[in-house]
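Reviewing the structure listed below.
Residue numbers (my numbering), protein chains in the order written: chain C, -10 to 139; chain F, 65 to 741.
What follows is the structure, encoded as structure tokens:
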């Protein structure tokens, strides 16, 4: 039996994109009580997912270049990748037909799964100095430390 | 299970600056006094008929080489004393028993053309171990691939996918492949820091062969939380999984003597410790702010990117005011050892170049004095070989010279008394014996410490002493070989030869053919030196025999020591506790390796690419990796033509560069995957 907590698909897409950037995507997701459902088999899940996603398509489809079929497949992959990594091969559904798979890949590549929070590492300056003067400096410091006033 | 429930942590009084200063004065004072005393004696014992220049030159060489031994000796003595007196390192603030861990830690696994299944098996083992603790969810793994070999690149992705399926819930596993491996490992880490580093408070940097138990990783993160001014905590790695004689010998010496050496270093270094590039936790923001490495002007080996970045990063983070600790008490931190003398030397070649590059940082402004000591120690660990080599050459040279040019007893006419050249043989022998004692004594302390603790998992006191004897015999014979190697490396580096960046061999033994090819010159030097000494400096022949014999036996020593030695028995020599009762994490990593290896066994890149799942994963991951490097239009056309032939059943004749390009061309890949169906 597979017990699942389901999220709103729109959030799911966003969270997927964000999930590469934070450790626990669950923390940024608003868990929808309405969408929580217990599912007992993969087939049951897929049936439910098809119906659920189709009913939501108009809401969540933002990329107009994708067909409904492509988008549905993409969402399913995203969904399953997110929730079912432990139990199912994510590409079981997607690779149902090769044609679909290729289209799916094209669609997937348009998504930036890894948004970056770019920071700059400032380059540190390492300036070589005269070793003799360095030695004298340490000698002076040593003497001051040993015999100087506290 | 929260870690606190299984971990006995308690607070210890923090060290005062005055105490640390006193420790350093004691250690360096004793080192200096011993070295000065021995140098004065050596000056008295030296032959009187050598020139003043030669006298001083020999004296300086002796001072430097003896000083090196002396520092090692006193550091080990203090380390032993500390270990006997205390079980926990003082100075750092230990977290409370019930301390929570809310900070996120990224575990970085840089990989450069490594065995993908082995790397991922270790990662899986560590993740599983972390998954046992509730704090484990604060950790995420990043496989940071710099692999240039396309076959390995694809294998890594396949392994990532397979491992991800088995990963514990709540712990993430990310994979990124860098299109260009600019600045090697330091560039790899920097790339992580600038892209995703800000999401994490700490990063635990590993090597491809590193393993750390979950409990220790959590402990390290908690220690960082308890010590907000700490920038780095280094967990000393212990060698495990050794199979060959050579690696097991190092594993044994690391386990038995290494503890004393580590404790000695921690004793005087305190919060100014070093970073060894892996098995260490680092405060990400401190690292981002203070460890952006410059590119040195000029060409390699001294110019260009910094090779041994770890020492420099430790010095820079220390320069910025953050503390760096090395805590010998952190157990369950493992690494592997090169299986043979040749692989060890190959790694030494890179380290040698990196450490010599530190000369310019050693004399740079605003570097902490203890960081300068770290650089000096690093440089001396290779330079001392050349100095020993020079000392031996000059010693033999003087005797040979005397054979051909006997001393003039009467330099003026009608002189009443002859001018006897004086050479105090017994005094010199006494100094030699003293040097040997100083070299062996820390090892004896290591054995005594293990026996004193009543640890029976080393096979008993008899096996320990046997291991000690064999280890010393092998070390004595192999030391001249390594001395020649390292001296050669220094000469090569000084003459401008770059080492490049080779993948480390972690498993295979040395073939006779390779042994002869790499060691013939050392054998020749050994035979030549023996003949020379026997004929012209006969008095030195037997004294020099341990050195010349080692050189003459270089080939069999190197080849035979790379083999798996002895039956797999719990009572064999060089046994360590981790072999008798293998820790869970080691067992688990071996189990995962067997399982993961099956997935890619006997499958080359093109075979893996026939699997549309792997193609999909690869294309999916391309978006994360960054822009494709420039391949040139000729190569692209060539690949397109060859792939079309391949899809029609032609033979595979793609070069590595062509395969690399293929992995970047999504359409070509998709077409190939479909046509191969």
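C-beta atoms are modelled at their ideal positions from N, C-alpha and C, and glycine is treated no differently.
Predicted model only: the values in this text are computed from it and were never measured.
(message) Can you pull the chain F neighbours of residue 123(C), defined as C-beta to C-beta under 7 Å?
(response) One finds 427 in chain F with Cβ atoms closer than 7 Å to the Cβ of residue 123(C), taken in chain order.
(request) Compute the distance between the beta-carbons of residue 427(F) and residue 111(C), then report whether it is under 7 Å. (result) No, they are not a contact pair.
(request) Measure the C-alpha to C-alpha separation of residue 540(F) and residue 444(F) and round it to an integer number of angstroms. (result) Distance between the alpha carbons of residue 540(F) and residue 444(F): 19 Å.
(request) Determine the direct distance from the alpha carbon of residue 280(F) to that of residue 350(F), and round the result to whole angstroms. (result) Between the alpha carbons of residue 350(F) and residue 280(F) lies a distance of about 22 Å.
(request) Could you name the residues of chain C that residue 352(F) contacts, counting a contact when the two beta carbons are closer than 9 Å? (result) From the beta-carbon of residue 352(F), the residues of chain C found nearer than 9 Å are 108, 109, 110, 111.
(request) Verify the CB distance criterion: does residue 129(C) have a CB-CB separation below 7 Å to chain F? (result) At a cut-off of 7 Å between beta-carbon atoms, residue 129(C) makes no contact with chain F.
(message) Strictly below 7 Å CB to CB, what residues from chain C border residue 258(F)?
(response) Those within 7 Å of residue 258(F) in chain C are 107, 108, 109, 110.
(request) Tell me whether residue 428(F) sits in a helix, a strand or coil according to DSSP, three-state version. (result) Residue 428(F) falls in the strand class under three-state DSSP.
(message) Any beta carbon from chain C within less than 7 Å of residue 424(F)'s own beta carbon?
(response) Yes, its Cβ sits closer than 7 Å to a Cβ of chain C.
(message) In the DSSP assignment, the beta strand (DSSP E) including residue 214(F) goes from what residue to what residue?
(response) Here residue 214(F) belongs to no beta strand (DSSP E); instead the alpha helix (DSSP H) covers 214 to 230.
(request) Step through the CB atoms of chain C and report whether any lies within less than 7 Å of the CB of residue 356(F). (result) Yes, because at least one Cβ of chain C sits closer than 7 Å to the Cβ of residue 356(F).
(message) Please return the same chain residues whose Cβ sits closer than 6 Å to the Cβ of residue 163(F), not counting the five positions on each side in sequence.
(response) Here the set comprises 286.
(request) For residue 293(F), name the three-state secondary structure that DSSP assigns. (result) Reduced to three states, the DSSP call for residue 293(F) is coil.
(request) Please report the Cβ distance between residue 733(F) and residue 685(F), rounded to the nearest whole angstrom; I am assuming they are in contact, meaning their Cβ atoms lie under 8 Å. (result) With a Cβ gap of about 12 Å, residue 733(F) and residue 685(F) do not count as contacting.
(request) Compute the beta-carbon to beta-carbon distance between residue 513(F) and residue 147(F), rounded to the nearest angstrom, for a pair I have assumed lies under 8 Å. (result) Residue 513(F) to residue 147(F), Cβ: 6 Å. Contact.
(message) Quick check on the burial criterion: 16 or more other C-beta atoms within 10 angstroms. Buried or exposed for residue 656(F)?
(response) By the neighbour-count rule (16 or more Cβ atoms within 10 Å), residue 656(F) is buried.
(message) So the candidates are 145(F), 99(F), 243(F), 196(F); which of them puts its Cα closest to the Cα of residue 695(F)?
(response) Residue 243(F) is the option with its Cα nearest to residue 695(F).
(message) With a threshold of 6 Å on Cβ separation, who are the neighbours of residue 107(F) within its own chain once the five nearest residues in sequence on each side are excluded?
(response) Non-local beta-carbon contacts of residue 107(F) in its own chain, meaning distances under 6 Å to residues more than five positions away in sequence, involve 123 in chain order.
(request) Look up residue 267(F) in the DSSP assignment and say whether it is helix, strand or coil. (result) DSSP, reduced to helix, strand and coil, places residue 267(F) within a strand of the structure shown.
(message) By alpha-carbon positions, which one of 726(F), 354(F), 320(F) ends up nearest to residue 528(F)?
(response) The shortest Cα separation from residue 528(F) among 726(F), 354(F), 320(F) belongs to 320(F).
(request) Check the C-beta distance from residue 180(F) over to residue 219(F) and give it rounded, since I have them as a contact under 8 Å. (result) That belief holds up - the Cβ atoms of residue 180(F) and residue 219(F) are roughly 4 Å apart, short of 8 Å.
(message) Using only CA atoms, which one of 303(F), 460(F), 464(F), 125(F) lies nearest to residue 452(F)?
(response) The shortest Cα separation from residue 452(F) among 303(F), 460(F), 464(F), 125(F) belongs to 125(F).
(request) Run the CB neighbour count on residue 576(F), radius 10 Å, all protein chains shown included, and call it buried at 16 or more, exposed below. (result) Classification for residue 576(F): exposed.
(message) Output needed for residue 447(F): all residues of its chain with C-beta closer than 7 Å, excluding positions within five of it in sequence on either side, in chain order.
(response) Excluding residues within five positions, the ones whose Cβ falls inside 7 Å are 554.
(request) Quick one: give me the first and last residue of the alpha helix (DSSP H) that residue 135(C) is part of. (result) 120 to 136 is the extent of the alpha helix (DSSP H) around residue 135(C).
(request) Would you mind telling me which residues of chain C sit closer than 9 Å to residue 254(F), beta carbon to beta carbon, in chain order? (result) Those are 110, listed as they occur along chain C.
(request) Assign residue 154(F) to one of three DSSP states: helix, strand, or coil. (result) Residue 154(F): coil per DSSP, three-state reduction.
(request) Reducing DSSP to helix, strand and coil, say where residue 371(F) ends up. (result) In the displayed model, residue 371(F) falls within coil according to three-state DSSP, outside both helix and strand.
(request) Measure the alpha-carbon distance for residue 628(F) versus residue 573(F) and round it to whole angstroms. (result) Taking the Cα positions, residue 628(F) is about 8 Å away from residue 573(F).
(request) Mind checking which residues open and close the beta strand (DSSP E) that includes residue 259(F)? (result) DSSP places residue 259(F) in no beta strand (DSSP E) but in the uninterrupted alpha helix (DSSP H) bounded by 248 to 259.
(message) Tell me the rounded alpha-carbon separation between residue 338(F) and residue 642(F).
(response) The straight-line gap from Cα to Cα measures roughly 26 Å.
(request) Compare the C-beta of residue 61(F) with all C-beta atoms of chain C and state if any pair is closer than 7 Å. (result) Outside the modelled stretch of chain F, which goes from 65 to 741, sits residue 61(F), for which no answer is possible.
(message) Between the alpha carbons of residue 154(F) and residue 79(F), how many angstroms are there, rounded?
(response) Spanning the two alpha carbons is a distance of roughly 7 Å.
(message) At a CB distance below 9 Å, what residues from the stretch 179 to 206 of chain F approach chain C? Give them in sequence order.
(response) Result list: 201, 202, 203, 204.
(request) Report yes or no: is there a C-beta of chain C within less than 7 Å of the C-beta of residue 708(F)? (result) So no, residue 708(F) is outside the interface.
(message) Considering only DSSP beta bridges, list what residue 171(F) is partnered with.
(response) Paired residues: 205(F), 268(F).
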